[in-house]
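Numbering (my numbering), first residue to last: 180 to 345. Ideal placement from N, C-alpha and C gives every residue a C-beta, glycine not left out. Have a look at the structure below, then the notes.
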Ligand SMILES: [Fe+2]
């Protein structure tokens, strides 16, 4: 009989159910944060003000488009692990660790600072999930997380360089 994994009986990853469940627990928090960030980056895209309006208006669009692709990758990885991705804003806000902001004006240096802080939070979370993944043979999730670390590290460097003269 086929070995069962998470709630489903089809799990292409071949991980033990408890291994998959631990990884998915972390991935769902990551997915929640990505969804919150997707909205928050739109907030900044619309409401940034000041001399940094044009670069940050453009940059935030580049970032939320990248985040949109990443959240789809993460949700589909959770499915390939035989589990279900969280799929409601209620669930995302319940387990996410990124704070939303109200829709109002935000000066460009503040926007850059908050993006750096939020990406720092994402990086710590991704590294934590990666340490769990490294105890298993799950190379696909490890690859996904490695790409995510590169993305957040690079964007933090760029935003910090921008903020220096902002
Ligand atoms: Fe736009």
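By the neighbour-count criterion, in which 16 or more other beta carbons inside 10 Å mark a residue as buried, residue 204 falls on the exposed side.
In this structure, residue 219 and residue 274 do not form a Cβ contact; the two beta carbons are roughly 16 Å apart against a cut-off of 8 Å. For residue 261, there is no enclosing alpha helix (DSSP H), since its DSSP letter is neither H nor E. Of the other Cβ atoms in all chains shown, 16 or more fall within 10 Å of the Cβ of residue 239; this residue is therefore buried. Taken through DSSP and simplified to helix, strand or coil, residue 286 comes out as strand.
With fewer than 16 other CB atoms across the displayed protein chains lying within 10 angstroms of its CB, residue 329 is exposed.
Counting other Cβ atoms within 10 Å of its Cβ, residue 193 stays below 16 and is therefore classed as exposed. The beta carbon of residue 232 sits closer than 7 Å to those of 287, all from its chain and outside the five residues before and after it, given in chain order.
With a cut-off of 7 Å, the C-beta of residue 240 is classified as near ligand 1, since at least one heavy atom of the ligand falls inside that distance. When 303, 279, 200 are compared, the shortest CA-CA separation from residue 223 is found for 279. Collapsing the DSSP output to three states places residue 277 in coil. Nearest Cα to residue 243 within the set 256, 191, 214: 214. In this structure residue 202 is in contact with residue 312, their Cβ atoms being roughly 6 Å apart against a cut-off of 8 Å. Residue 237 has its alpha-carbon roughly 33 Å from the corresponding atom of residue 263. Between residue 309 and residue 321 the beta-carbon gap is near 7 Å, inside 8 Å, which marks them as a contact. Within the DSSP secondary-structure output, residue 218 pairs in no beta bridge.
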